[in-house]
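Here is the structure we will look at.
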Amino acid sequence: MAAWRLSLCARSLSAIRGLQTNHLRWKSSSSRAVIARSSVKRKEQREPTEGWMEDPDPKDENVYLKNSNFHGYDDDPVIDFWNMQVVFFFGFSIVLVFGTTFMAYIPDYGMVKWARQEAEMLVKHREASGLPIMESNRFDPRKIQLPEDD
Amino acid sequence: MLKIIIPSLMLLPLTWLSSNKNVWINVTAHSFLINTLAMATLWQMNETGMGLSQTFYIDPLSSSLIMLVIWLLPLMLLASQNHIKKETDYNKKLYISMLIILQTLLIPTFSANELMLFYILFEATLIPTLVIITRWGNQTERLSAGLYFLFYTLVGSIPLLIALISINSSLGSLNTLLLTLSNYMLNQSWSNHILWLACMMAFMIKMPLYGVHLWLPKAHVEAPIAGSMILAAILLKLGGYGMMRLSVILDPLTKSMAYPFIMLSLWGMIMTSSICLRQTDLKSLIAYSSVSHMALVIAAIMIQTPWSFMGASALMIAHGLTSSLLFCLANTNYERIHSRTMIMARGLQTAFPLMALFWFLGSLTNLALPPSINLIGELLISISLFSWSNFTILLVGTNILITALYSLYMLITTQRGTLTPHMINLQPSHTRELTLMMLHITPLSLLMINPKFIMGNTL
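So the sequence lines, in the order shown, correspond to chains P and C.
Numbering of the first sequence is given in the UniProt record's numbering, commencing with residue 1 and proceeding in unit increments.
Numbering of the second sequence is given in the UniProt record's numbering, commencing with residue 1 and proceeding in unit increments.
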């Protein structure tokens, strides 16, 4: 009992004096308090304070560290830059721009305007000559050869 | 036509003879230049199309699809440049060669004058796609995906070969132009029913129709980004194009034979849209949305009215661009977080604002927002389906609703909300990625203004 009391005094004195190397969880105002870290070994480590990524790939490095102007094409900065310029030039400036202009200015796609003009001309011509606008026979009946009635 | 095919073929020596540091620049630049040449095919002068030679014929239906093929090659190259970086130079050139071979095979496929040539090229496109999926896919399931992809398509196309040979021997020619003038009437008999099925099943599987669609989620998900792009944008449309070409010789049997397939596609589009609402995998969601959109195209081609053909052609082009855009966006996610799960990276609008714009535009065009060309296609198809049978409006309307639901679900899950706290290694968007998205969105937006180029040959 006395040994215990002695050790208690010794521990509390050395704790107050900061001689104990264990970190104290809290300081008490009472001089007799002995606060020491729990000697029970915890089962797991505490979770780190920053987030983690599930299964981080060790090969996933930040490509922008090596080349801050990385465009996504190649690790060599010169090739990367050229590739970006080539894609933009040929893809946008040539194909999309010229292609869109071509498609916008295709004359009379599907000959729709021609068909309308031709029809109007025919109607005008036929009304001027007094003929009906359209004949009811699509094909010339004299040219159709029917088989014999068996 | 040779002025497009020869340069595309010559991209192969360009790839192999370029120095290793210049190969991407060279091939991308030259594939863009081929685009400028191919624009001339868009100048369709009349309803009969451009009869370029005895082998090649481009009508307004083919011209938009050929432009889409040729436009997609530089986009595929742009999309693949990052994930292929870690391979050896030999493998990089092999990958680029696969993409070039695919384009060189697809251009004559869409412009073939002869149905047998179309069939041979249709089959030939399977090989480079299989190589791309099984060799450069990311997960172990890619082998099963390649098997599903190859054998589902082959099961449908062997009967097609037999049917084409039989029609050739009875009609004398398989020329697409001559067939429109022929008087080949398929009357109601068992063998003609089987002939109709043999002709159509290959394209139904390719589209894919709802019952035979299982290869598509596997193939799209396991393929690398260029594989997904070309699959979603072009290879599905091969089915629609083939059905449109073959429907001229399959009258009048189509009126009776089409019923089960219209029903399957109407029901299937609702089913696959609903499946999209329950997907956790982002690429799988986009793959099922492809099935849903293509089901509308199947239904439209089966009812064979002028408006439905216009809607089908418009929707094929619009969906090609939109689906490819969404796959590219999903790939930008995948390259950063190495996972396809949607909820892994949420709130990305805060991290990538400009990419969020493209997510937004892509989702809006996917849900067929007016005035996008997706809406033009879907609207024309809905109206013609309604005039075919009033009841279909219930199913198509439900599908439009669910399409809007899952598109917005995908947008809100990935873009809105708070940024997931555990994602700390998200690099800013590369210029390459933003350029890629812009190159998708610009044709989509420009076609909104002038959609007559994509309306097909019944305009």
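Even glycine gets a Cβ: it sits at the ideal position worked out from N, Cα and C.
Using a C-beta cut-off of 8 Å, the stretch 321 to 328 of chain C makes contact with the stretch 286 to 294 of chain C, since at least three inter-stretch Cβ pairs fall below that distance. With contact defined as three or more Cβ pairs closer than 8 Å, the stretch 174 to 183 of chain C and the stretch 113 to 121 of chain C are in contact. Only exposed fits Pro306 (chain C), as fewer than 16 other CB atoms lie within 10 angstroms of its CB. Within chain C, the residues Gln427 have their CB atoms less than 8 Å from the CB of Val63 (chain P), given in chain order. For Asn83 (chain P), the closest Cβ of chain C is nearer than 8 Å. Tyr57 (chain C) is bridged by DSSP to C:Gly51. Following the DSSP letters along the chain, one finds Pro132 (chain P) in no alpha helix (DSSP H), marked with neither H nor E.
Taking a Cβ-Cβ cut-off of 8 Å, His125 (chain P) has no neighbours in chain C, whose nearest Cβ is about 22 Å from it.
Secondary structure at Thr341 (chain C): strand, using DSSP grouped into helix, strand and coil. Chain-order list of chain C residues neighbouring Tyr109 (chain P): Gln44 and Lys452, by C-beta distance under 7 Å.
Chain P places a beta carbon closer than 8 Å to that of Glu433 (chain C), counting this residue as a contact. Any Cβ of chain P closer than 8 Å to the Cβ of Ile25 (chain C) would place that residue at the interface, and such an atom is present. Nearest to Leu37 (chain C) by C-alpha distance, out of P:Phe102, P:Arg5, P:Gly72 and P:Pro147, is P:Phe102.
For Glu114 (chain C), the beta-bridge partners assigned by DSSP are C:Asn175. If you ignore the 5 residues before and after Thr180 (chain C), its C-beta comes within less than 6 Å of the C-beta of Val248, all in its own chain and listed in chain order.
Inter-residue distance for Lys85 (chain C) and Arg116 (chain P) is about 56 Å (C-alpha atoms, whole angstroms).
Here the alpha carbon of Trp71 (chain C) sits roughly 6 Å from the alpha carbon of Asn35 (chain C). Going by DSSP, Thr365 (chain C) is part of the alpha helix (DSSP H) stretching over Pro353 to Asn366.
The C-beta separation of Glu141 (chain C) from Glu222 (chain C) comes to about 5 Å, placing the pair in contact by the 8 Å criterion.
The beta carbon of Met1 (chain C) sits closer than 7 Å to the beta carbons of Leu52, Ser53, Phe56 and Ser111 from its chain, once the five residues preceding and following it are set aside; these are given in chain order. Taking all protein chains in view, the Cβ of Ala79 (chain C) is crowded by 16 or more other Cβ atoms within 10 Å, so the residue is classified as buried. Here Leu171 (chain C) is not near Gly268 (chain C), since their CB atoms are 8 Å or more apart. Pairing Phe309 (chain C) with Ser64 (chain C) gives a Cβ-Cβ distance that is not under 8 Å.
If you compare the alpha carbons of C:Val131, C:Met67, C:Met76 and C:Arg135 with that of Pro108 (chain C), the shortest gap goes to C:Met67.
In the three-state reduction of the DSSP assignment, Asp140 (chain P) falls in the coil class, being assigned neither a helical nor a strand state. With fewer than three CB-CB distances shorter than 8 Å, the stretch 122 to 130 of chain C does not count as touching the stretch 81 to 95 of chain C. In the DSSP annotation of this structure, the continuous segment of the alpha helix (DSSP H) that includes Ser292 (chain C) starts and ends at Leu282 to Ile303. In terms of beta-carbon proximity, Ile144 (chain P) stays away from the interface with chain C, with every pair separated by 8 Å or more. Gln103 (chain C) counts as buried, since no fewer than 16 other beta carbons sit within 10 angstroms of its beta carbon.
Rounded to the nearest whole angstrom, the CA to CA distance from Asp89 (chain C) to Leu326 (chain C) is 29 Å. Leu444 (chain C) and Ser191 (chain C) have their C-alpha atoms spaced approximately 44 Å apart. One Cα belongs to Met302 (chain C), the other to Pro260 (chain C), and the distance between them is close to 10 Å.
Contact annotation: Ile132 (chain C) and Gly242 (chain C) have beta-carbon atoms that are not nearer than 8 Å. Chain-order list of chain P residues neighbouring Asn187 (chain C): empty, with the shortest C-beta distance near 19 Å, by a criterion of under 9 Å. Within the stretch 93 to 104 of chain C, contact with chain P at the beta-carbon level (separation under 8 Å) is assigned to no residue.
C-alpha of Leu379 (chain C) to C-alpha of Leu436 (chain C): approximately 28 Å in a straight line.
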